[in-house]
Amino acid sequence: MSDFFKKVYEVAKQIPPGRVTSYGAIAKHLGTTGSARMVGWAMNACSSHYEFVPAHRVVNRNGLLTGKHHFDNPNAMNELLENEGIKLDGDQIVNFKECFWDPGKELGY
DNA sequence: AAGCTGACTATGG
DNA sequence: GCCATAGCCAGCT
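Using this note's numbering, the letters of the first sequence correspond one by one to residues 315 to 423.
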């Protein structure tokens, strides 16, 4: 397990319920700005992590659930988010701006 | 071993 | 405001 993956999970697990963040925000927090894809890749490999990782709280910068198809059930992501009080319009987070949780701002740089 | 792919983002036309 | 391009870098074929 590389430190990068470990850090990604570290941050992801700190996302409060009912809040979401973006891949880029996490990447920036880790100091690997521009490598947002790697954050996504880490999420793809989150199943190999020994603990649960709330990958459903990580979306792209538009608040679009682009990663839903990587779950066992594509609807799982929507249901989990709505269950946490996040309003969705299809795969789009309606109140994305209000739900957004910035790791850099919340955890400090 | 070399090339392709991808849960992304920023920028320019 | 939408489409095309270009960086990003680990894993898979």
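Backbone N, C-alpha and C define an ideal beta-carbon position, used for all residues, glycine too. Keep in mind it's a predicted model, so treat the numbers as computed, not measured.
Segment contact: the segment 315-323 against the segment 387-407, fewer than three CB-CB distances shorter than 8 angstroms; contact not assigned. Residue burial annotation: H383 is exposed, with fewer than 16 other C-beta atoms found within 10 angstroms of its C-beta. When DSSP assignments are scanned along the segment 323-373, the uninterrupted stretches of alpha helix (DSSP H) that are 4 or more residues long and fall wholly within it turn out to be 337-343, 350-358. By the Cβ rule, the segment 406-421 counts as touching the segment 328-342, because three or more pairs are nearer than 8 angstroms.
Straight across, the Cα-Cα distance linking M352 with V408 is about 26 angstroms. Counting the other CB atoms within 10 Å of its CB gives A390 a total below 16, which places it among the exposed residues.
In this structure, L394 lies away from H363, with their beta-carbon atoms at least 8 angstroms apart.
The C-beta distance from M357 to G332 rounds to 19 angstroms, too long to fall under 8 angstroms, and the pair is not in contact.
The C-alpha of D403 lies about 26 angstroms from the C-alpha of A341. Check the Cα spacing between P388 and each of D405, V372, N374, R375: the tightest is with D405.
DSSP places L402 within a strand segment (E or B) once states are collapsed to three.
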